[in-house]
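Okay, structure first, notes after.
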Amino acid sequence: MKPRIDFYTASPDALKAMIALETAVSKLPLEKTLIELVKLRASQINGCAFCIDMHTADAIKGGETPRRLFAVTAWREAPFFTERERAALLWTESLTQLSLTHAPDEDYEVVAAQFSPQEMVDLSVAISTINSWNRLAVGFRKTPQA
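My numbering puts the first residue of the sequence shown at 1, with every later residue one more than the last.
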């Protein structure tokens, strides 16, 4: 794929806002490993090679195992994830594919059983943020370095 534009230089103010949001997400009191799983799963759904590459590397640096990372696409069948991680991955899929799922009550109930109201909002903001990054990276064809 040929890169389209460099969105960092095309709109520095917009990217400052995105970076500020990302900085805020990094300070949320959710487990860092959980956030990386969420970022990876949303990026897989959105087909964002740049973000998949980056968040796989970040997760490994943070102590995540390759075995669990390889299984994220099949998290429902893989025995490697906690109930809390499963709830986060379910909510990630529900919000990332919002036009298909409409965030059903069943998914909400699963998340509500594992997360406090504040954590649910924090998780949703993290999911929204990675989806925004995915749309920039895919839309403007940002690719990982070979």
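In this text, a Cβ means the ideal position worked out from N, Cα and C, and glycines have one as well.
Note that the coordinates shown come from a computational prediction; the quantities given were computed from them, not determined experimentally.
- If you draw a straight line from the Cα of Ser132 to the Cα of Glu85, it is about 22 Å long.
- In the structure shown, Asp6 falls within a coil segment according to DSSP collapsed to helix, strand and coil.
- By alpha-carbon distance to Leu37, the top candidate from Ala17, Glu93, His102 and Leu21 is Glu93.
- Shortest Cα-Cα distance from Gly139 to any of Ser116, Trp91 and Asn46 involves Asn46.
- Non-local beta-carbon contacts of Ile52 in its own chain, meaning distances under 7 Å to residues more than five positions away in sequence, involve Leu40, Ser43 and Gln44 in chain order.
- Of the residues Lys32, Thr96, Ala113 and Thr82, the one whose Cα lies closest to the Cα of Gly63 is Lys32.
- By the criterion of at least three beta-carbon pairs nearer than 8 Å, the stretch 24–31 is in contact with the stretch 118–135.
- DSSP places Glu22 in the uninterrupted alpha helix (DSSP H) bounded by Pro12 to Ser26.
- About 18 Å separates the beta carbon of Arg135 from that of Lys2, a gap too long to meet the 8 Å contact definition.
- Counting only the Cα atoms, Ile60 lies some 18 Å from Ala146.
- Scanning the stretch 78–130 for uninterrupted beta strand (DSSP E) segments of 3 residues or longer gives nothing; none is fully contained.
- The Cβ-Cβ distance between Ala103 and Leu90 does not fall below 8 Å.
- Rounded to the nearest angstrom, the gap between the Cα atoms of Ile5 and Phe50 is 15 Å.
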